[in-house]
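> Going by the working numbering, the sequence shown opens with residue 41, and the numbers climb by one from there.
I'd like to ask you about the structure that follows.
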Amino acid sequence: MEQKIKKTAGPPYGVLAVLIIGAFIAFLNNTLLNIALPSIMTDLKIDPSTGQWLITGFMLVNGILIPLSAFLIQKFSVRQLFLAAMLLFTLGTVLAGFAHAFPLLLSGRMIQASGSAIMMPLLMNVMLTSFPVEKRGLAMGVFGLVLMFAPAIGPTLSGWIIEHYDWRMLFHFVTPIAILVVLLGFFLLKDKKGKVDIHLDFLSVVLSSVGFGGILYGFSSAGKEGWDSPQVYGTLAVGLISLVTFILRQLRQERPLLNFQIYKYPMFALSSAISMVVTMAMFSGMLLLPIYVQNIRGISPIDAGLMLLPGAILMAIMMPITGKLFDKFGGRALAIIGLAITVITSYLLSKLTLETTYTHLIIIYTIRMFGFSMVNMPITTNGLNQLPARFYPHGTAMNNTMSQVSGAIGTALLVTVMTTRAKTHATEIVEAAKKVVPNPSLKVTEAMKLKMQHQIEMQALLEGINDAFFVSVFIAGLALVLALFIKRAKQAEDPGEVKPSAHKVKTKLAEN
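If you want it as structure tokens, here you go:
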């Protein structure tokens, strides 16, 4: 009897290995595509705003489906969900790999997204239910190490493939690995029964989809269309109204699709807020640096990828180390140190010039990623640790949904700052140039005009990027202030759960 209990309580390492490999492939595919966008736009003869839908569409599908993950995790077994997710992801990858027109490529990406949306919440839920609180930091750190390996190799691998092969090779490269993961899941995962008998509230699904989808689409469109566009404020208004209605409906339901009562646990609420702000700050580097190095400095895709490589590798290495430190010291000290580093490096990145060296960029970006490595996983784990076991699916779903929303908000905010300030700086540069021109009637050739216009555009864009990075200093500063209030979380008592069944519920969630 004792042996049986011990075996059941042990972490399911085989299940975790299969899930982590699946999540890694999905994560790797996303990092491969970012560098490839210019090549795809040229080959399919589409403009940047159309090409951006390959990213925006993926994000929209994630934002719509991730809130459903809490219901799906409780309703279906790990095996059923994993195989369905990987089959959808594989199908989307195959379609995208053979796409010779943009609609088919976009369809493939959105099918991919419908599969990958469930992967992260599913994996995090199994991690939470498989390890005791005192060992979760290290476990989540090892999980982070594996996942961070994807952005570590993704940009460089993508740059190399684009320079030597057609962009479709990015999808052909992933396809056989995805098929292998499906086979591993089919043979290694056990289809256990006994999931919670709950029913899907379709009105909640509609409200959630319109709410989160509208907000994500509105913020994603703001950078291009402008905040005064009816397309932007119209979709944001519809999204906000739907989201408020969705929240009110969830609070009245006995078994909500997404349980907002988890925000009554203070450390989860605080960690969720910090994670959202940190995600917005992170997007400054992910969004602005590639524009700077490729558009302004003319650095090749593979060199741009190599520039990000040391930072990504260091972040991956630090994940299990910060996990171990979290288990020993808690998340507060780690978050404060990491966010202080983020504030300083964000400020340094707001001082870019046309002569900033490649080495300087690598050093600053690497130190910045070192700072981020001390924040994300410890903060998330600390917040989830406070939740009773039955709220784990809702906590992981909420965290991943808020990550999508904050990413969209951060992107919209930073792009808006960059573009509006670039226009202002361009006007200022032209006015300043007029004052120093000795003879306005002097003949200027067309070639000279084009050269001056290009120089003005590049200088204005550079200043706009610097201003956007300066805004990210204050965003990271807000996260630093919030981090001062972090306390080590202990699992709260769940008044809605009978104590003797607590272990049973936890075991069910882990093993199914």
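No residue lacks a Cβ here, since even glycine has one placed at the ideal position from N, Cα and C.
Kindly provide the ranges of any beta strand (DSSP E) runs that are 3 or more residues long and lie completely inside the region 491 to 519, ordered along the chain.
Runs of the beta strand (DSSP E) inside the region 491 to 519: none found.
> By how many angstroms is the C-alpha of isoleucine 449 removed from the C-alpha of histidine 494?
Position 454 of the sequence shown holds residue 494. Position 409 of the sequence shown holds residue 449. Taking the straight line from one Cα to the other gives about 30 Å.
> Assuming threonine 196 and leucine 346 make a contact with CB atoms under 8 Å, what is their CB distance in whole Å?
Here residue 196 is taken as the residue at index 156 of the sequence shown, counted from 1. Here residue 346 is taken as the residue at index 306 of the sequence shown, counted from 1. Contact holds; Cβ gap of about 6 Å.
> Classify phenylalanine 308: buried if its beta carbon has 16 or more other beta carbons within 10 angstroms, exposed otherwise.
Stepping through the sequence shown from its first residue, residue 308 is reached at position 268. Buried is the call here.
> Indicate whether the contact test is met: 3 or more Cβ pairs, each with one atom in the region 167 to 176 and one in the region 312 to 322, closer than 8 Å.
As far as the Cβ criterion goes, the region 167 to 176 does not touch the region 312 to 322, which means the pair count is below three.
> Once the 5 residues before and after threonine 385 are set aside, which same chain residues still bring their CB inside 6 Å of it?
Here the question's residue 385 lines up with position 345 in the sequence shown. Counting only Cβ-Cβ distances below 6 Å, and skipping sequence neighbours, we find Ile404, Ile407, Arg408.
> Expressed to the nearest angstrom, what Euclidean distance is found between the alpha-carbon atoms of valine 245 and asparagine 102?
For the purposes of this step, residue 245 is taken as the residue at position 205 of the sequence shown. For the purposes of this step, residue 102 is taken as the residue at position 62 of the sequence shown. Whole-angstrom Cα-Cα distance: 14 Å.
> Can you have a look at histidine 465 and say buried or exposed, based on whether 16 or more other CB atoms are within 10 angstroms of its CB?
The residue labelled residue 465 in the question sits at position 425 within the sequence shown. Buried, by the Cβ-count rule.
> Helix, strand or coil for histidine 239? Go by DSSP, reduced to three states.
By one-based count along the sequence shown, residue 239 stands at place 199. Histidine 239: coil per DSSP, three-state reduction.
> List, from N- to C-terminal side, the alpha helix (DSSP H) runs of 4 residues or more that fit wholly inside the region 257 to 285.
Correct list: empty.
> Residue range of the alpha helix (DSSP H) that leucine 297 falls in?
Here the question's residue 297 lines up with position 257 in the sequence shown. Taken as a continuous stretch (DSSP letters only), leucine 297 belongs to no alpha helix (DSSP H), as it is neither H nor E.
> Please state the DSSP three-state secondary structure of glutamate 42.
Position 2 of the sequence shown, counted from the start, is the residue given in the question as residue 42. Residue confidence is low: glutamate 42 scores 38 on pLDDT, short of 50, so the model does not pin down where it sits. Its coordinate-derived value is still stated next. Three-state DSSP puts glutamate 42 in a helix.
> Would you identify the three-state DSSP class for lysine 408, choosing helix, strand or coil?
Translated into the one-based positions of the sequence shown, residue 408 becomes position 368. Per the sequence shown, residue 408 should be read as arginine rather than lysine. Note: arginine 408 maps to helix in three-state DSSP.
> Inspect the beta-carbon positions of isoleucine 104 and serine 249 and report whether they are closer than 8 Å.
Against the sequence shown, residue 104 aligns to sequence position 64. Against the sequence shown, residue 249 aligns to sequence position 209. It is a contact, given that the beta carbons lie within the stated cut-off.
> Short of 7 Å in beta carbon distance, which residues of its chain neighbour methionine 188, apart from the five on each side in sequence? Order them along the chain.
Position 148 of the sequence shown, counted from the first residue, corresponds to residue 188. Only Ala352, Met355, Ala356, Met359 meet the Cβ criterion.
> Quick one: give me the first and last residue of the alpha helix (DSSP H) that arginine 372 is part of.
Locating residue 372 in the sequence shown gives position 332, where the first residue counts as 1. Here the alpha helix (DSSP H) through arginine 372 covers 372 to 389.
> With tryptophan 93 as the anchor, note down where its alpha helix (DSSP H) starts and where it stops.
Sequence index remark: in the sequence shown, residue 93 carries index 53 (1-based). Residues 93 to 105.
> With DSSP collapsed to three states, give me the class of valine 173.
Here residue 173 refers to the residue found at position 133 of the sequence shown. Helix at valine 173.
> Should methionine 159 be labelled buried (16 or more other beta-carbon atoms within 10 Å of its own) or exposed?
Locating residue 159 in the sequence shown gives position 119, where the first residue counts as 1. The residue in question, methionine 159, is buried, as its Cβ has 16 or more Cβ neighbours within 10 Å.
> Can you give the beta carbon distance from phenylalanine 116 to serine 156, rounded, assuming they're within the 8 Å contact cut?
Residue 116 sits at position 76 when you count from the first residue of the sequence shown. Residue 156 sits at position 116 when you count from the first residue of the sequence shown. Actually they are not in contact, since the Cβ atoms of phenylalanine 116 and serine 156 sit about 17 Å apart, beyond 8 Å.
> How many angstroms separate the CA atom of lysine 47 from the CA atom of leucine 229?
The residue labelled residue 47 in the question sits at position 7 within the sequence shown. The residue labelled residue 229 in the question sits at position 189 within the sequence shown. Bear in mind that the predicted position of lysine 47 carries a pLDDT of just 40, short of 50, making it unreliable; the figure below should be weighed with that in mind. If I take the Cα positions, the gap works out to 17 Å.
> Apart from the five residues just before and just after isoleucine 60, which ones in its own chain have a Cβ nearer than 7 Å to its Cβ?
In the sequence shown, the residue the question calls residue 60 occupies position 20. If we look at isoleucine 60 and ignore the five residues flanking it on each side, its Cβ neighbours are Leu163, Phe183, Val186.
> Would you tell me roughly how many angstroms separate the C-alpha atoms of leucine 389 and glutamine 334, rounded to the nearest one?
Here residue 389 is taken as the residue at index 349 of the sequence shown, counted from 1. Here residue 334 is taken as the residue at index 294 of the sequence shown, counted from 1. Their backbone Cα atoms lie some 16 Å apart in a straight line.
> Just tell me which of Trp207, Arg208, Asn70, Leu144 has its CA closest to the CA of alanine 153.
As a first step, residue 153 must be located in the sequence shown, where it is residue number 113. Per the Cα distances, Asn70.
> Where does histidine 239 land, buried or exposed, given buried means 16+ other C-beta within 10 angstroms?
Position 199 of the sequence shown, counted from the start, is the residue given in the question as residue 239. Flag for histidine 239 reads exposed.
> How would you write the range of the alpha helix (DSSP H) that glutamine 114 sits in, first residue to last?
The count along the sequence shown starts at 1 and reaches residue 114 at position 74. Unbroken alpha helix (DSSP H) run through glutamine 114: 109 to 115.
> What's the gap between the Cα of leucine 127 and the Cα of phenylalanine 525?
Residue numbering aside, residue 127 sits at position 87 when the sequence shown is read from its first letter. Residue numbering aside, residue 525 sits at position 485 when the sequence shown is read from its first letter. Approximately 43 Å between the Cα atoms of the pair.
> Less than 8 Å between C-beta atoms, sequence neighbours within five positions excluded: which residues of the same chain meet that for alanine 380?
In the sequence shown, residue 380 corresponds to position 340, counting from 1. Once the five neighbours on either side are set aside, the close Cβ partners of alanine 380 are Gly411, Leu520.
> Between the alpha carbons of leucine 374 and aspartate 83, how many angstroms are there, rounded?
Start at 1 with the first residue of the sequence shown, and residue 374 comes out as number 334. Start at 1 with the first residue of the sequence shown, and residue 83 comes out as number 43. Their backbone Cα atoms lie some 45 Å apart in a straight line.
> Using alpha carbons as the reference points, say which of Leu427, Ala321, Pro428, Gly338 lies closest to asparagine 416.
Position 376 of the sequence shown, counted from the first residue, corresponds to residue 416. Of Leu427, Ala321, Pro428, Gly338, the residue nearest in Cα terms is Ala321.
> Can you give me the Cβ contacts of tryptophan 93 inside the same chain, cut-off strictly under 8 Å, excluding the 5 residues immediately before and after it?
Working through the sequence shown from its first residue, we reach residue 93 at position 53. Excluding residues within five positions, the ones whose Cβ falls inside 8 Å are Leu146.
> Buried or exposed: where does alanine 136 fall if 16 or more other Cβ atoms within 10 Å of its Cβ makes it buried?
To locate residue 136, count along the sequence shown from 1; it is residue 96. Buried: at least 16 other Cβ atoms inside 10 Å.
> Would you please state the rounded distance, in angstroms, between the beta carbons of valine 33 and leucine 454? I believe it to be under 8 Å.
A question about residue 33 goes unanswered here, because the residues of the chain that appear run from 41 up to 552.
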